[in-house]
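Note sheet for the following structure.
Numbering (our numbering), first residue to last: 2 to 435.
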C-alpha cells in the first residue's frame with residue numbers, strides 16, 4: 002500500500018508539473034487547439050469529393066463494409082453491406098464532431114451504423130442487450146490520420162472504424178447499387194450439403210463461410226498436404242473483400258468479384274485470383290482432419306466446460322430445423338442446446354438447457370455413451386439412456402435421432418473455439434458448437 006501511495010503521489014506531482022509547463026509551451030489555450038483540431042477533421046471529412054469507403058470491426062467480431070458522404074451541414078449519407086436494403090438504398094442521418102476526453106466523431110441519429118449496435122438481438126442477430134458490440138461514437142487519434150485515411154476507435158466497445166477516400170468510380174458504383182449485387186454471395190448458404198468447393202485456375206478450394214461472424218475459411222491440398230486459410234471479409238461495390246489476402250504459390254486472392262447467382266441450379270459463381278469458378282457441393286471434406294473429432298470431445302473434458310449451440314441442427318437447408326429456440330418448460334425459457342462430454346463417468350449429456358432469473362437448468366435430454374472415434378476421422382454416437390421426460394416427437398427427440406445416426410459425423414474446426422459437426426451420411430445436417 003505504501004508503494005502504491007508514493008507512486009500515485011509521484012505521478013500527481015509530475016502531472017502537476019507538466020500541467021504548469023503547458024502554458025509556457027503553447028501560445029494558445031487547450032480549448033483553442035482542440036477546436037482547431039475538430040475543424041480540421043471536419044474539413045477532411047467534408048472535402049473528400051467522392052466520400053469515403055469504410056470498414057467497421059465491431060467489438061463482438063466480424064467486419065462490415067460502409068460508404069459515407071459527409072457534408073458541411075452535419076449530415077452524412079451512407080450505404081451498408083449489412084442487408085440488401087442497406088446496400089442498395091442510401092440513408093441520411095446526422096453527425097457531429099465533439100470534444101470529449103479526445104476529439105470524437107459521433108453519429109447521433111439512428112442509421113445503418115446503429116443497426117450493428119442495436120441491443121435488440123432480433124435486429125442484428127447479436128447478443129440480447131449488446132447487439133454486435135459495435136459503436137456509433139468514435140475517438141479520433143491524430144497519429145492515425147493521413148490525407149487519404151482516417152482511423153477511429155469506438156468509445157464503448159472499442160470497435161475499429163477505418164475510412165479511406167473513395168474514387169469517383171466507387172462512389173458511382175455505390176449509387177448504382179453494385180454493393181447490393183455483391184451480396185448475392187450470401188446465397189452460398191442455400192446450398193443443401195455443408196461442403197462446398199470452387200476451382201480457381203489450377204487450385205480447388207473447399208470454402209466454409211460463417212456469415213454471422215463474417216469469416217471465410219479456404220482449405221486446399223498442396224500435393225497430399227492440407228492447407229487452411231481464414232480471414233474476415235466484407236462487401237464492396239466489386240464484391241467480397243478479404244481483410245487478409247490468401248497467397249497460394251503464384252496465386253493471390255484478395256477477395257471475390259463478378260459474383261453471380263443461379264437460383265435454378267442453386268449455384269454461386271465468382272472470380273478470384275485471376276480465375277473464375279462456380280461453387281459446387283460435396284458430401285465429405287476435401288481433407289479429413291483425423292484428430293478433430295477426438296479433439297472436440299476432449300477439450301471440455303480438460304477444461305470442465307461443455308459445447309453449446311444456439312440454433313441446434315441445420316437440416317436440408319433449414320436453420321434451427323427442429324425449432325429448438327421455441328422450446329419452453331413450464332415457466333422456463335430456452336437458453337441453448339448443450340453437449341457435455343464425460344458428463345459423468347458413464348455417459349455424456351445432450352440436452353436443451355432452460356433458464357429463468359435464478360439460473361439455468363437441465364430438465365430433460367439424452368445421455369450418449371462415450372463416442373466411438375473411427376480411423377477415418379468420424380465420431381459415432383450411441384444412446385446410453387435419457388434424462389427426465391422427453392416430449393414424444395418433439396425437438397429434443399428429433400435432434401437425438403440425427404445425433405444417433407450410425408453414419409456419424411465429421412468435425413470441422415472453424416476457429417480456436419468453434420466446431421461444425423457435419424453428418425457423414427450426406428452432409429445435409431450439421432450443428433455449430435461454441
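By construction, the Cβ of each residue, glycine as well, lies at the ideal position given by its N, Cα and C atoms.
Note that the structure is a prediction, hence the values are computed from the model and not measured.
Contact check, residue 260 vs residue 269, beta carbons under 9 angstroms | yes
Is it true that the CB of residue 300 sits closer than 9 angstroms to the CB of residue 194?
-> no
Element boundaries [beta strand (DSSP E), containing residue 233] = Start and end: 226 to 237.
Cβ contact (3+ pairs, closer than 8 angstroms) linking the segment 127 to 142 and the segment 94 to 109 | yes
Sequence-distant residues of the same chain with beta carbon closer than 6 angstroms to residue 338, five excluded per side = 310, 313, 325 and 353
Pick helix, strand or coil for residue 113, following the three-state DSSP scheme.
-> In this structure, DSSP gives residue 113 a helical state, which the three-state scheme calls helix.
Burial state of residue 386 (16 or more Cβ within 10 Å) | Taking a 10 Å sphere around the C-beta of residue 386, we find fewer than 16 other C-beta atoms and assign the residue as exposed.
Host beta strand (DSSP E) of residue 384 (start-end) | Run containing residue 384: 384 to 388, per the beta strand (DSSP E) assignment.
Cβ neighbour criterion (16 or more within 10 Å) applied to residue 73 = exposed
Tell me whether residue 26 sits in a helix, a strand or coil according to DSSP, three-state version.
-> Model confidence at residue 26 stands at a pLDDT of 47, short of 50, so the residue's coordinates are unreliable and nothing is read from them.
What does a CB cutoff of less than 8 angstroms around residue 27 pick up in its chain, not counting 5 residues either side in sequence?
-> Because the pLDDT at residue 27 is just 49, under 50, the model does not fix this residue reliably, and the point stays unresolved.
Within 10 angstroms of its Cβ, does residue 101 collect 16 or more other Cβ (buried), or is it exposed?
-> exposed
List the whole-angstrom C-beta distance separating residue 80 from residue 171, where the pair is believed to meet the contact cut-off of C-beta under 8 angstroms.
-> Rounded, the Cβ-Cβ distance is 11 angstroms, inconsistent with contact.
Roughly how far, in whole angstroms, is the beta-carbon of residue 287 from the beta-carbon of residue 198, given that I think they are within contact range, below 8 angstroms?
-> 6 angstroms
Residues bridged to residue 280 [DSSP beta-bridge criterion] | Looking at the DSSP assignment, residue 280 forms no beta bridge with any residue, so it has no partner.
Closest by C-alpha distance to residue 362, when choosing among 340, 228, 335 and 264 = 335
Classify residue 25 as buried or exposed, calling it buried when 16 or more other Cβ atoms lie within 10 Å of its own Cβ.
-> Its pLDDT being 45, under 50, residue 25 is placed unreliably in this model, and the coordinates cannot settle the point.
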